[in-house]
Amino acid sequence: MTGDALKRLPLENLHIEAGARFGPFAGWSMPLTYPAGVMAEHTHTREHVGLFDISHMKLIELDGKQAADLLAEACPLDAEALAQSQSKYTFLLNDKAGILDDLIVTRLGPQRFMVVANAGNAEADLAHLNALAKGLDCTVKPLERVLLAIQGPDAWAALSRAGVETGTLVFMHGIEPHENWFMTRSGYTGEDGFEIGLPEKDARELLDKLLADERVKWVGLAARDSLRLEAGLCLHGQDITPEIDPATAGLMWAVSKDVRAAGRFIGAEALAAIVAQGPSQKRVGLKPQGRQPVRAGTRLFDEAGNEAGHVTSGGFGPSVGGPVAMGYVATPLAKPETRLFADVRGTRIPVDIHPLPFTQHRYRKG
Amino acid sequence: MAKLYFTDDHEWLSVENGVATVGITDYAQEQLGDLVFVDLPEAGRALKKGDVAVVVESVKAASDVYAPVDGEIIEANQALGSEPALVNSAATTDGWLWKMKLADEGQLSGLLDEAGYKALIG
Chain A
1 MTGDALKRLP LENLHIEAGA RFGPFAGWSM PLTYPAGVMA EHTHTREHVG
51 LFDISHMKLI ELDGKQAADL LAEACPLDAE ALAQSQSKYT FLLNDKAGIL
101 DDLIVTRLGP QRFMVVANAG NAEADLAHLN ALAKGLDCTV KPLERVLLAI
151 QGPDAWAALS RAGVETGTLV FMHGIEPHEN WFMTRSGYTG EDGFEIGLPE
201 KDARELLDKL LADERVKWVG LAARDSLRLE AGLCLHGQDI TPEIDPATAG
251 LMWAVSKDVR AAGRFIGAEA LAAIVAQGPS QKRVGLKPQG RQPVRAGTRL
301 FDEAGNEAGH VTSGGFGPSV GGPVAMGYVA TPLAKPETRL FADVRGTRIP
351 VDIHPLPFTQ HRYRKG
Chain B
1 MAKLYFTDDH EWLSVENGVA TVGITDYAQE QLGDLVFVDL PEAGRALKKG
51 DVAVVVESVK AASDVYAPVD GEIIEANQAL GSEPALVNSA ATTDGWLWKM
101 KLADEGQLSG LLDEAGYKAL IG
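What follows is the structure, given as structure tokens:
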């Protein structure tokens with residue numbers, strides 16, 4: 001069985017006890033759903049607190065006098081300009097400005113940064129960063145941590161009851177509240193929430209307290225996907241890939257004007273050319289009419305039947321109460337309310353371009 | 001009196017007077033999770049055993065439901081159009097998928113009975 005090759009979460013026994021159904025994702029055996037089911041898990045996260053084991057993702061610590069220089073080459077990011085505790089969403093780019101991975105980088109000290117990388121890309125990211133670090137005063141250190149996401153309007157209150165105070169931490173900031181802990185106020189649901197990296201023993205103690213709180217429920221990867229899709233957030237390998245650049249993906253908000261002008265990062269020239277010319281297609285939200293979901297890989301057509309684009313993520317949005325999707329369409333069509341059509345098993349489904357996110361972000365910004 | 005059959009694709013058939021009512025089993029709906037859409041077939045469609053009769057869609061994925069025997073669809077469960085979750089809450093009763101007129105009742109002998117199906121899912 002291929003299952004034997006899958007990596008196992010350090011806390012797998014807790015998920016088994018909770019009745020999780022597992023499935024493969026990015027080389028890991030991951031909890032997909034719990035007995036409550038994806039709808040209830042999704043809704044619970046929006047209303048109370050969803051608890052996610054995301055230990056498949058990788059924390060990478062960069063330490064050294066030239067750590068900021070390394071980041072400034074690997075990412076379209078002025079790491080030196082980050083304030084202590086500040087986090088930024090950024091990417092590793094190739095020389096064609098294709099997105100190798102999307103990351104969150106947090107400044108932990110004058111010469112120390114934490115990178116959170118996607119599970120499926122972690123090894124390649126490490127190799128890439130190590131290659132760039134050659135000859136620089138910077139160590140690249142992957143950390144063995146349990147990583148938990150605590151998401152939803154009551155996340156701060158549940159953490160507080162569990163003895164983890166979050167009061168001064170605001171959205172897109174990160175701290176080290178205890179030895180070998182790393183906590184950011186961020187997430188992948190569109191809700192207020194936190195991600196905490198910590199040693200397994202500490203994680204088990206924290207979970208005992210968190211799960212004793214009735215507001216806190218385990219949430220699996222299936223609801224994590226529907227939550228992030230409603231929030232308009234990209235999944236690397238699906239919505240963004242090494243063939244897609246940040247301009248085409250509509251993610252240039254993550255690349256400051258100064259960084260663009262200085263052009264220090266790998267892919268800067270290619271990205272400048274794409275921006276100057278204008279990308280030929282753009283990432284958009286897509287709202288299928290009716291109830292039938294339109295899935296990743298579905299082709300989109302205009303009224304006259306010409307190819308217009310394709311869907312990269314699609315499913316059902318429990319909070320929206322209907323199907324939601326995102327994908328790429330030719331730039332002239334990338335305007336809200338443009339009507340396109342998807343062909344799903346011979347049925348022509350009207351699909352309207354829709355602003356992202358589908359559900360309002362509720363981040364705690366200060 | 002209707003007679004009950006099962007398939008190893010986790011479907012059930014309730015057969016009476018040459019007509020089978022077909023649905024998925026409780027085990028199958030649990031595996032699929034919350035259904036959000038059922039792509040219902042048109043009445044009058046002729047099916048060969050193994051043809052895709054219905055597509056059921058969960059939040060995450062679309063899954064095919066196959067015709068367990070040859071026949072012609074005479075009715076689809078229209079209630080699922082507005083309430084696909086009936087398949088989750090009542091898989092073997094109100095959550096039926098379609099009714100078909102059997103082409104060859106002899107094919108039924110190749111299906112499982114309830115005891116055989118229970119043995120299959122353990």
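Protein sequences, first through last, are from chains A and B. For the first sequence, UniProt numbering assigns the number 1 to the initial residue and increments by one for each residue that follows. For the second sequence, UniProt numbering assigns the number 1 to the initial residue and increments by one for each residue that follows. We put the beta carbon where it would ideally sit given N, CA and C, even for glycine. Predicted model, so just to flag it, every value in this text is computed and none were measured.
For residue i, the three-state DSSP class (helix, strand or coil)
i	result
Ile349/A	strand
residue 410/A	The question about residue 410/A has no answer here: the residues shown for chain A are numbered 1 through 366.
His354/A	strand
Lys141/A	strand
Ile99/A	strand
Ala117/A	strand
Glu195/A	strand
Gln111/A	coil
Gln31/B	helix
Arg215/A	coil
His236/A	strand
Asp64/B	strand
Tyr188/A	coil
Met1/A	Because Met1/A carries a pLDDT of 44, less than 50, the predicted location of this residue cannot be relied on, and the following value inherits that uncertainty. Coil at Met1/A, not helix or strand.
Thr359/A	coil
Lys3/B	strand
Leu227/A	helix
Val49/A	strand
Arg8/A	strand
Ala249/A	coil
Leu148/A	strand
Leu14/A	helix
Leu92/A	strand
Chain B contact residues for residue i, given Cβ-Cβ distances below 9 Å
i	result
Asp225/A	Val59, Lys60
Pro318/A	Asp34, Val36, Val59
Gly315/A	Val36, Glu57, Ser58, Val59, Lys60, Ala61
Pro357/A	The contacting residues do not exist; Pro357/A stays about 17 Å from chain B at best.
For residue i: DSSP bridge partner residues
i	result
Leu47/B	Gly71/B
His44/A	Partner(s): none; His44/A has no beta bridge.
Ile24/B	Glu11/B
His128/A	His128/A pairs with nothing; no bridge assigned.
residue 367/A	Not covered by the structure: residue 367/A. The range shown for chain A is 1 to 366.
Thr33/A	Arg21/A
Asp39/B	Val55/B
Gln86/A	His173/A
Val19/B	Glu16/B, Lys101/B
Thr106/A	Ser87/A, Met114/A
Trp28/A	Lys7/A, Phe25/A
Leu112/B	Phe6/B
Any chain A beta carbon closer than 9 Å to residue i
i	result
Pro41/B	no
Val36/B	yes
Gly81/B	yes
Trp44/B	Looking at the sequence shown, residue 44/B is not Trp but Gly. Not closer than 9 Å to any Cβ of chain A, the Cβ of Gly44/B fails to qualify, so no.
Pro84/B	yes
Residues that residue i contacts on chain A, provided the C-beta gap is smaller than 7 Å
i	result
Val56/B	None at all; the shortest Cβ gap to chain A is about 11 Å.
Per-residue contacts from residue i into chain A (C-beta, under 8 Å)
i	result
residue 158/B	Nothing can be reported for residue 158/B, as the shown portion of chain B is limited to 1 through 122.
Per-residue contacts from residue i into chain A (C-beta, under 9 Å)
i	result
Gly33/B	Arg21, Leu32, Thr33, Gly37, Val38, Met39, Ala222
C-beta neighbour in chain E for residue i, strict 9 Å
i	result
Gly305/A	This model lacks chain E altogether; the protein chains it does include are A and B.
is_contact[residue i, chain B] using C-beta, thresh 9 Å
i	result
Thr2/A	For Thr2/A, the pLDDT reaches just 49, beneath the cut-off of 50, and the residue's location in the model is therefore unreliable, although a value from the coordinates is still provided. So no, Thr2/A is outside the interface.
Gln289/A	no
Arg345/A	yes
Gln151/A	no
residue 378/A	This structure leaves residue 378/A out entirely; chain A is present only between 1 and 366.
His42/A	yes
Gln292/A	yes
Arg228/A	no
Arg295/A	yes
Pro177/A	no
Pro350/A	no
residue 373/A	In this structure chain A extends from 1 to 366, so residue 373/A is not present and cannot be described.
Contact set between residue i and chain B, taken where Cβ atoms lie within less than 7 Å
i	result
Gln238/A	The premise fails here: Gln238/A is roughly 13 Å from chain B at the closest Cβ pair, so nothing lies under 7 Å.
Pro76/A	Ordered by position in chain B, no residue passes the 7 Å Cβ test against Pro76/A, which lies about 33 Å from the chain.
Heavy atom of the ligand NAD within 8 Å of residue i beta-carbon
i	result
Leu9/A	Inclusion of the ligand NAD in the displayed structure is not the case, the ligand content being empty and no account of it being possible.
Review point. Taking only runs of the alpha helix (DSSP H) that begin and end inside the stretch 263-349 of chain A, which ones reach a length of at least 4 residues, in chain order?
Key: Runs of the alpha helix (DSSP H) inside the stretch 263-349 of chain A: 268-277.
Review point. Quick one: complete alpha helix (DSSP H) runs, 4+ long, within the stretch 74-99 of chain B?
Key: Annotation: the stretch 74-99 of chain B contains the following complete segments of the alpha helix (DSSP H) (minimum length 4 residues), in chain order: 79-82, 86-89.
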